[in-house]
Amino acid sequence: MISGSVRFLINLESLNGVESIGNLTKHRTAPVVLKTSTGYLVRYVPVISGEALAHAYQASLVDIAKKEGLPVGNLSSQYEFIKFSTDEALKIEGIKEPKDYNDARRFEIEVMLKDIVADVGGFMYAGSAPVRRTSRIKLGYMIPALRGDEIPAQLEAQFHVRFSNKPVKGSQAIFNVEVSSALYTFSFELDEDLIAVPSTVGEKVEGEEELERQKARRIDAAIKALYSLLAGNFGGKRSRFLPSMKLMSLVVTKTDFPFIPEPGHDDNYIKATVMRLEKAKGVLNGNVAKVYVINNEGIEVGEGATVLSSVEDLVIKLKE
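Residues 36 to 355, numbered by our numbering, are exactly what the sequence shown covers, in order.
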């Protein structure tokens, strides 16, 4: 299992808009609970949804899979991640719907062989005999780091005017885009051992041997796709609102047991993760417990972590 917590300093971003109200495009916000010196308070803060991060991850996986000769479905090739959810989608992909519960394993294998995105990112067929595959990549909301009594985040609407040089009525159009600046943090988990492994029960069916042959290449592609997230290539409205973004720090663990690093809300999160990991290895009788760190903040790391200088070095280490 590969898991991580990441901190980005992002200024002037509009990566996750949710709606337009008149001529205002609003940024996504959500409530968080903050512990202060006077107690617990609820604050609404700018956020970037896990769905936005998942879309960027899956789009990257599509590009990598195409280059490496791994299967990508017709809809996924267009970055439309409907993923075998309806009978109409099955017709587009050339997959026969499951007859009943006993046919679920056959259906899941055929879908996985058709599309690596459905293998890694999961899918839910909602027809008369539903079949669900849980995503092997798990992503949380990106939220501002909750540091002490303050949240380092701010929203502000920026005024813009679209202009046409034709002397006609309505040649100027006023619009406002809400942007955010914050020290953001998010967490992720990639259960790479379960890639290319069916989740439905039943006897072995045709196609499982091919999945097993592709497993190593699929895991390699899934790890490479993490690069987009860790390099800050996610979110929308980037054509004119490309944010000023810097990776401040991250901690990533690679284990053979379930483990999630500490969220990046305070400057102790890397050291706390390193200390917890060693204890978890003993409690769960783990054999693999590696921790990789990128530290551009000068915060305390602790002993036992491998400190790297770049995201590229991290991806190379994870692939080993």
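Glycine included, every Cβ here is placed at the ideal spot set by N, Cα and C. These figures come from a predicted structure and were not determined experimentally.
* 4-residue-minimum alpha helix (DSSP H) runs that sit fully inside the region 220-277, ordered along the chain -> 243-265
Exercise. Report the option in Asp301, Ser120, Val286 whose CA atom is closest to the CA atom of phenylalanine 12.
Key: Outside the shown range of the chain, which is 36 to 355, sits residue 12, and nothing can be said about it.
* From Glu335, Leu277, Met283, Val68, pick the residue whose C-alpha is nearest to that of leucine 47; which is it? -> Leu277
Quick check: the region 73-81 against the region 181-190, are there 3 or more CB pairs under 8 angstroms? yes
* To do: Quick one: grab the DSSP three-state call for glutamate 164.
  => The question names glutamate, but residue 164 is alanine in the sequence shown. Alanine 164: coil per DSSP, three-state reduction.
Closest to asparagine 58 by CA distance: which of Glu103, Asp150, Ala192 is it? Ala192
Legend entry - C-beta atoms of glutamate 132 and glycine 85 nearer than 9 angstroms: no
**OP:** Look up glutamate 347 in the DSSP assignment and give the residues it is bridged to.
**Re:** Beta-bridge pairing links glutamate 347 to no other residue.
*asked:* For alanine 288 and serine 38, which I take to be in contact (beta-carbon distance under 8 angstroms), what is that distance rounded to the nearest angstrom?
replied: First, the amino acid is wrong: residue 288 is threonine here, not alanine. The pair is a contact, with the Cβ atoms about 5 angstroms apart (cut-off 8 angstroms).
In the DSSP assignment, what are the bridge partners of glycine 39? Phe223, Val287
| query | If you check the beta carbons only, do methionine 159 and arginine 167 fall under 9 angstroms apart? | reply | yes
- Message: For leucine 96, report the span of its alpha helix (DSSP H) as first-last.
- Response: 85-102
So, at 7 angstroms on beta carbons, what are the nonlocal neighbours of valine 53 in its own chain, with the 5 sequence-adjacent residues on each side left out? Lys61, Arg63
Margin query: Please state whether the Cβ-Cβ distance between alanine 208 and phenylalanine 198 is less than 9 angstroms.
Written below: yes
**Asked** Taking Cβ positions, are leucine 225 and leucine 261 nearer each other than 9 angstroms?
**Response** yes
Note the first and the last residue of the continuous alpha helix (DSSP H) segment covering alanine 142. Note on residue identity: the sequence assigns phenylalanine, not alanine, to residue 142. First-last of the alpha helix (DSSP H) with phenylalanine 142: 139-149.
Counting only the same chain and skipping the five closest in sequence on each side, list residues whose C-beta sits under 6 angstroms from that of tyrosine 269. First, the residue type needs correcting, since residue 269 is phenylalanine and not tyrosine in the sequence shown. Hits under 6 angstroms: Leu88, Ala91.
Can you give me the C-alpha to C-alpha distance between alanine 307 and proline 298, rounded to a whole angstrom? 10 angstroms
- request: Name the residue from Ser111, Val323, Asp122 whose alpha carbon lies nearest to the alpha carbon of glycine 156.
  value: Ser111
| field | Spatial neighbours of lysine 134 in its chain, beta-carbon cut-off 7 angstroms, leaving aside the 5 residues before and after | value | Ala164
State the Cα-Cα distance for the pair serine 284 and glycine 271, rounded to the nearest angstrom. 23 angstroms
- Between the Cα of tyrosine 114 and those of Ile127, Ser95, Val67, Gly129, spot the shortest distance and give me the residue it belongs to. Ser95
I need the DSSP call for valine 323, collapsed to helix, strand or coil.
coil
Unbroken beta strand (DSSP E) run spanning serine 55, endpoints: 52-56
Name the DSSP bridge partner or partners of glycine 11?
-> Lying outside 36 to 355, the shown extent of the chain, residue 11 is not represented and no answer is given.
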